[in-house]
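Residue numbers (the numbering used here), protein chains in the order written: chain P, 9 to 144; chain X, 9 to 144; chain B, 9 to 144; chain R, 9 to 144; chain H, 9 to 144; chain Y, 9 to 144. We put the beta carbon where it would ideally sit given N, CA and C, even for glycine.
There are 6 protein chains.
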Amino acid sequence: MATLKLPSIAEAEKNPAVKAVYDDIRATRKSDFINNIWRGLAGSPVLLQRIWDQIKAVMATPSAIDPLTKEMIYIAVSTANGCSYCVHSHTAAARAKGMTDEQHTELMAIISLAGQTNHLVTAMQIPLDPEFEVKS
Amino acid sequence: MATLKLPSIAEAEKNPAVKAVYDDIRATRKSDFINNIWRGLAGSPVLLQRIWDQIKAVMATPSAIDPLTKEMIYIAVSTANGCSYCVHSHTAAARAKGMTDEQHTELMAIISLAGQTNHLVTAMQIPLDPEFEVKS
Amino acid sequence: MATLKLPSIAEAEKNPAVKAVYDDIRATRKSDFINNIWRGLAGSPVLLQRIWDQIKAVMATPSAIDPLTKEMIYIAVSTANGCSYCVHSHTAAARAKGMTDEQHTELMAIISLAGQTNHLVTAMQIPLDPEFEVKS
Amino acid sequence: MATLKLPSIAEAEKNPAVKAVYDDIRATRKSDFINNIWRGLAGSPVLLQRIWDQIKAVMATPSAIDPLTKEMIYIAVSTANGCSYCVHSHTAAARAKGMTDEQHTELMAIISLAGQTNHLVTAMQIPLDPEFEVKS
Amino acid sequence: MATLKLPSIAEAEKNPAVKAVYDDIRATRKSDFINNIWRGLAGSPVLLQRIWDQIKAVMATPSAIDPLTKEMIYIAVSTANGCSYCVHSHTAAARAKGMTDEQHTELMAIISLAGQTNHLVTAMQIPLDPEFEVKS
Amino acid sequence: MATLKLPSIAEAEKNPAVKAVYDDIRATRKSDFINNIWRGLAGSPVLLQRIWDQIKAVMATPSAIDPLTKEMIYIAVSTANGCSYCVHSHTAAARAKGMTDEQHTELMAIISLAGQTNHLVTAMQIPLDPEFEVKS
Chain P
9 MATLKLPSIA EAEKNPAVKA VYDDIRATRK SDFINNIWRG LAGSPVLLQR
59 IWDQIKAVMA TPSAIDPLTK EMIYIAVSTA NGCSYCVHSH TAAARAKGMT
109 DEQHTELMAI ISLAGQTNHL VTAMQIPLDP EFEVKS
Chain X
9 MATLKLPSIA EAEKNPAVKA VYDDIRATRK SDFINNIWRG LAGSPVLLQR
59 IWDQIKAVMA TPSAIDPLTK EMIYIAVSTA NGCSYCVHSH TAAARAKGMT
109 DEQHTELMAI ISLAGQTNHL VTAMQIPLDP EFEVKS
Chain B
9 MATLKLPSIA EAEKNPAVKA VYDDIRATRK SDFINNIWRG LAGSPVLLQR
59 IWDQIKAVMA TPSAIDPLTK EMIYIAVSTA NGCSYCVHSH TAAARAKGMT
109 DEQHTELMAI ISLAGQTNHL VTAMQIPLDP EFEVKS
Chain R
9 MATLKLPSIA EAEKNPAVKA VYDDIRATRK SDFINNIWRG LAGSPVLLQR
59 IWDQIKAVMA TPSAIDPLTK EMIYIAVSTA NGCSYCVHSH TAAARAKGMT
109 DEQHTELMAI ISLAGQTNHL VTAMQIPLDP EFEVKS
Chain H
9 MATLKLPSIA EAEKNPAVKA VYDDIRATRK SDFINNIWRG LAGSPVLLQR
59 IWDQIKAVMA TPSAIDPLTK EMIYIAVSTA NGCSYCVHSH TAAARAKGMT
109 DEQHTELMAI ISLAGQTNHL VTAMQIPLDP EFEVKS
Chain Y
9 MATLKLPSIA EAEKNPAVKA VYDDIRATRK SDFINNIWRG LAGSPVLLQR
59 IWDQIKAVMA TPSAIDPLTK EMIYIAVSTA NGCSYCVHSH TAAARAKGMT
109 DEQHTELMAI ISLAGQTNHL VTAMQIPLDP EFEVKS
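This is how it looks when you write it as structure tokens:
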């Protein structure tokens, strides 16, 4: 159902540049599972590398925001953008990183409340309070 | 610039039902500041109450997700929905709850990376991996 | 602040094809006011005519949905799409067609509730009930 | 395919708080049918109650906007937000409330025309006419 | 799965007004294939005609932007709007007009990079540089 | 009005890592002008470098899609995402790369028509034609 052919993993890995990225995904995630987005990018090793490098740097490297929070933020953006695949894959990732059912429920409450007030503010065209402005 | 008249706080508080909500906002937030969205809702005490009750329950009550993370999720949704006022007000709220410049930068990196892969997945129409399906 | 020059009405009407559309807008709306979107389209009489013909046919011709309801639907779409100009112009049009403050408040309640459940359904990825399917 | 387990209605109703809401849905709608979104919310009686209370207050209580118009507004928002489930469920609801094929066709014409002019206005970045400003 | 019945082509063409549009689609595209959107519009010959007239004028008439570029722009909008059907149909159309795999890969790189910077700019609420303003 | 302080160019360039990127922007674009998005990213040289590297690779390197077409695709995505700053900056870039008024008008016609049919298809929930499926 994709708009381009998704090669099998074996077929994709015949290209050494693709195999190198897939191997790094496996090593970083400590899992043999390569999900479909990476098959979709197999035809373009340059774009594959660029996307993976960013995912690795932003999502898989210890930093000032903890790994589970990062996944919940990712789910939030993906929901608002209506990306079904992304919502599914990052919800699975959040669960793998320890998201409890209670946290998932709260996440849905926050996301949907934001959806509500976003629409409300836009419908009313509320002007910015000077208190929120950041002076440069 | 709003699509309806925004009364001044003093004018709005002539309605006791509005004043009661504003007083609860002040007490909950430990601040005298009432921002513009609440002025926009002054004409409808029922809707005002409904929105505030939810904000209070979801965002201002201790729970399984910490207050700063909640604000970062709110910013994520508001950004994807293009709600300028919401991005501003919740960034201010996140800062008030301790968000550092480093965390803000990371938040922008995560949100924008999600925007990138959301578009990529949608352009390629990547099919769902069976591994991500939740069995009912 | 537009991405193209907006000629004054007088300047735009030097083109007879533009003047003919503007005159039809005035006659249909029984008003001399030509708002900015029509100035933006003055450089392309073909596109100007195409857009106006549709607005006239869909929004200004008696049909199975009453004029005020049409404007409220237009506001709903424009809000969800985050089009500030469109929210403003169609709210003004709805008021001109009789929208009361009470109806405006309800409209905001409906739009924002839809925003909330839209996000909730997408975050949960709720599957379609067979009962909602239309058989072909 | 949901991101969380959807319990059967019978399983969900073992929780009295869930059963109470479901019973109110049935009584309000005069129908035994409980659609999937309510199964998705069964794990969180608080969120379930909050969402249903709003749907009941906004959509199922006589007010200044008639029930069919409310559903058409809901469809409009859901379409612009790309929520497939929501478009389906509210189109079914609109039909149940009397929407004719002619009205459905008109609704699609309005929604899609709004989509067109929303994009046009955003591409041109049309500035707001002072005539549309509401003075506070 | 549509929200309205999709008649078969044969059934739809019993209406001469529908048949006339379908025949023009076939002649313009030099193909017998009528895709599903046109079946969906069969119940409203007026809307069917209006949509086809625009597709023909904008997409199928020689002009200042070449046919393949037009399709790539269409894919870009459809991706950002999350319209799965539209992404599929216009990707097929782009391929039929000569889009190579390399161009498709680049298109995905551009669309997803735009998605990234769009989110980044909105999260930061970058103010417009005076240099980008068009003077009227 | 940004959500973070935008340093002046001079202030930003005190950081050698930032200056190196700004110098590369100037050299690549053969212009001294550094627009506001790059000031917004000055606080995070890593993210600044990551975004610029991609813009340079995707938008400023000769490839299978010509430079003007790339900018028009960028405008299309930015319009659908409602990013006002992005629409302005990439329209300016497109003009600098030779976009004529006629092409700009056509671009608006294509973008807005896509917006129309995207909404129409989503409102009707048109199922995918098997002919559009890509076999893997």
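Exposure label - Y:Val129; buried when at least 16 CB within 10 Å: Sequence index remark: in the sixth sequence, residue 129 of chain Y carries index 121 (1-based). In summary, Y:Val129 is buried, with 16 or more beta-carbon neighbours lying within 10 Å of its beta-carbon over all protein chains present.
Contact belief for X:Tyr2 with P:Leu136 at Cβ below 8 Å, rounded distance in angstroms: Since the displayed chain X opens at 9 and closes at 144, residue 2 of chain X lies outside it and no answer follows.
Nearest residue (CA-CA) to R:Ile59, options B:Asp31, B:Ser120, B:His112: Working through the fourth sequence from its first residue, we reach residue 59 of chain R at position 51. For the residues B:Asp31, B:Ser120, B:His112, the minimum Cα distance to R:Ile59 belongs to B:Ser120.
Whole-angstrom distance between P:Thr99 and X:Leu76, CA atom to CA atom: Translated into positions along the second sequence, residue 76 of chain X becomes position 68. Translated into positions along the first sequence, residue 99 of chain P becomes position 91. Cα to Cα, X:Leu76 sits roughly 20 Å from P:Thr99.
Selection from P:Gln111, P:Ala122, P:Lys64 that minimises the alpha carbon distance to X:Pro70: Walking along the second sequence from the start, residue 70 of chain X turns up at place 62. That would be P:Gln111, whose Cα lies nearest to the Cα of X:Pro70.
The region 9 to 19 of chain R contacting the region 44 to 51 of chain R, beta-carbon criterion three pairs below 8 Å: Between the region 9 to 19 of chain R and the region 44 to 51 of chain R there are three or more inter-stretch CB-CB distances shorter than 8 Å, so the stretches are counted as touching.
Cβ-based neighbour list, B:Asp32, same chain, cut-off 8 Å, excluding 5 preceding and 5 following: Residue numbering aside, residue 32 of chain B sits at position 24 when the third sequence is read from its first letter. Once the five neighbours on either side are set aside, the close Cβ partners of B:Asp32 are Trp60, Lys64.
The ligand NAP heavy atom lying under 7 Å from the CB of P:Pro70: Ligands displayed in this structure: none; no statement on the ligand NAP is therefore possible.
Chain H contact for X:Met116 (CB, 8 Å cutoff): Here residue 116 of chain X is taken as the residue at index 108 of the second sequence, counted from 1. Judged by the 8 Å Cβ criterion, X:Met116 is in contact with chain H.
R:Gly106 burial status per 10 Å Cβ neighbour count (16 or more: buried): Locating residue 106 of chain R in the fourth sequence gives position 98, where the first residue counts as 1. It counts as exposed.
CA nearest to the CA of P:Asn44, picked from P:Ala102, P:Ala18, P:Met67, P:Gln62: Locating residue 44 of chain P in the first sequence gives position 36, where the first residue counts as 1. P:Asn44 has its Cα closest to that of P:Ala18, out of P:Ala102, P:Ala18, P:Met67, P:Gln62.
Proximity test, Cβ basis, 8 Å: Y:Asp109 and chain B: Counted from its first residue, the sixth sequence places residue 109 of chain Y at position 101. At a cut-off of 8 Å between C-beta atoms, Y:Asp109 counts as an interface residue with respect to chain B.
Closest Cα partner of P:Glu79 within the set P:Gln57, P:Val29, P:Thr108: Within the first sequence, numbered from 1, the residue matching residue 79 of chain P stands at position 71. The shortest CA-to-CA distance from P:Glu79 to any of P:Gln57, P:Val29, P:Thr108 is the one to P:Thr108.
Simplified DSSP state of P:Lys38, which is helix, strand or coil: Position 30 of the first sequence, counted from the first residue, corresponds to residue 38 of chain P. Coil.
Near-chain H residues of the region 41 to 53 of chain X - C-beta to any C-beta below 9 Å: Flagged: no residues at all.
Chain X residues whose Cβ lies nearer than 8 Å to that of P:Glu139: Within the first sequence, numbered from 1, the residue matching residue 139 of chain P stands at position 131. Simply Phe41, Asn43, Ala100.
Assigned exposure category for H:Ala102 - 16 Cβ within 10 Å defines buried: On the fifth sequence, residue 102 of chain H is found 94 positions in, with the first residue counted as 1. Within a 10 Å sphere around the beta-carbon of H:Ala102 sit 16 or more other beta-carbons, which makes this residue buried.
Ranges of the alpha helix (DSSP H) found wholly within the region 54 to 92 of chain P, counting only runs of at least 4: Runs of the alpha helix (DSSP H) inside the region 54 to 92 of chain P: 75 to 88.
Alpha carbon of H:Gln62 to alpha carbon of H:Ala68, nearest angstrom: Along the fifth sequence, read from residue 1 onward, the residue named residue 62 of chain H stands at position 54. Along the fifth sequence, read from residue 1 onward, the residue named residue 68 of chain H stands at position 60. If I take the Cα positions, the gap works out to 9 Å.
Contact with chain Y by H:Ala18, beta-carbon distance below 8 Å: By one-based count along the fifth sequence, residue 18 of chain H stands at place 10. Closer than 8 Å: no.
Test item: CB-CB of B:Ala117 and X:Leu56 under 8 Å: Locating residue 117 of chain B in the third sequence gives position 109, where the first residue counts as 1. Locating residue 56 of chain X in the second sequence gives position 48, where the first residue counts as 1. Cβ atoms of B:Ala117 and X:Leu56: not closer than 8 Å.
R:Arg151 classed as buried or exposed, judged by whether at least 16 other C-beta atoms fall within 10 angstroms: The structure shown has nothing for residue 151 of chain R, since chain R only spans 9 to 144.
CB-CB length for B:Ala131 against P:Thr113, believed under 8 Å: The count along the third sequence starts at 1 and reaches residue 131 of chain B at position 123. The count along the first sequence starts at 1 and reaches residue 113 of chain P at position 105. At roughly 10 Å, the Cβ-Cβ gap does not stay under 8 Å, so B:Ala131 and P:Thr113 are not in contact.
Any C-beta of chain B under 8 Å from that of P:Asn126: The sequence position of residue 126 of chain P within the first sequence is 118, counting from 1. Using a Cβ-Cβ cut-off of 8 Å, P:Asn126 counts as an interface residue toward chain B, since at least one Cβ of chain B sits closer than that to its own.
Candidates Y:Asp40, Y:Ala28, Y:Val26, Y:Glu21: closest to H:Glu139 by CA position: Translated into positions along the fifth sequence, residue 139 of chain H becomes position 131. Ranking the options by Cα distance to H:Glu139, first place goes to Y:Asp40.
Buried or exposed by the 16-neighbour rule on C-beta atoms within 10 Å, applied to R:Ala72: Taking the first residue of the fourth sequence as 1, we reach residue 72 of chain R at position 64. Burial call: exposed.
Sub-8 Å separation of Y:Gly123 and R:Asn89 beta-carbons: Sequence index remark: in the sixth sequence, residue 123 of chain Y carries index 115 (1-based). Sequence index remark: in the fourth sequence, residue 89 of chain R carries index 81 (1-based). No, they are not a contact pair.
Alpha-carbon spacing of R:Lys27 relative to R:Ile42, whole angstroms: Reading the fourth sequence from its first residue, position 19 is the one you call residue 27 of chain R. Reading the fourth sequence from its first residue, position 34 is the one you call residue 42 of chain R. Rounded to the nearest whole angstrom, the C-alpha separation of R:Lys27 and R:Ile42 is 11 Å.
Contact check, P:Val85 vs X:Ala104, beta carbons under 8 Å: Counting from 1 along the first sequence, the entry for residue 85 of chain P is found at position 77. Counting from 1 along the second sequence, the entry for residue 104 of chain X is found at position 96. Their beta carbons are not under 8 Å apart, which means P:Val85 does not touch X:Ala104 by this criterion.
B:Arg47 beta carbon less than 8 Å from that of B:Ala20: Counting from one through the third sequence, the residue named residue 20 of chain B turns up at place 12. Counting from one through the third sequence, the residue named residue 47 of chain B turns up at place 39. The answer is yes: Cβ separation under 8 Å.
Outcome for B:Ser97 when other beta-carbon atoms lying within 10 angstroms are tallied against a minimum of 16: For this step, residue 97 of chain B is matched to residue 89 along the third sequence. Around the CB of B:Ser97, 16 or more other CB atoms lie within 10 Å, so the residue is classed as buried.
R:Ser97 at chain Y interface by Cβ criterion, 8 Å: Position 89 of the fourth sequence, counted from the first residue, corresponds to residue 97 of chain R. Chain Y contact via Cβ: absent.
The region 74 to 92 of chain H: positions lying closer than 8 Å to chain X by Cβ: Those residues of the region 74 to 92 of chain H that come within reach of chain X (Cβ to Cβ, closer than 8 Å) are Ile83, Thr87, Ala88, Gly90, Ser92.
DSSP state of R:Leu49 mapped onto helix, strand, coil: Stepping through the fourth sequence from its first residue, residue 49 of chain R is reached at position 41. Correct three-state label for R:Leu49: coil.
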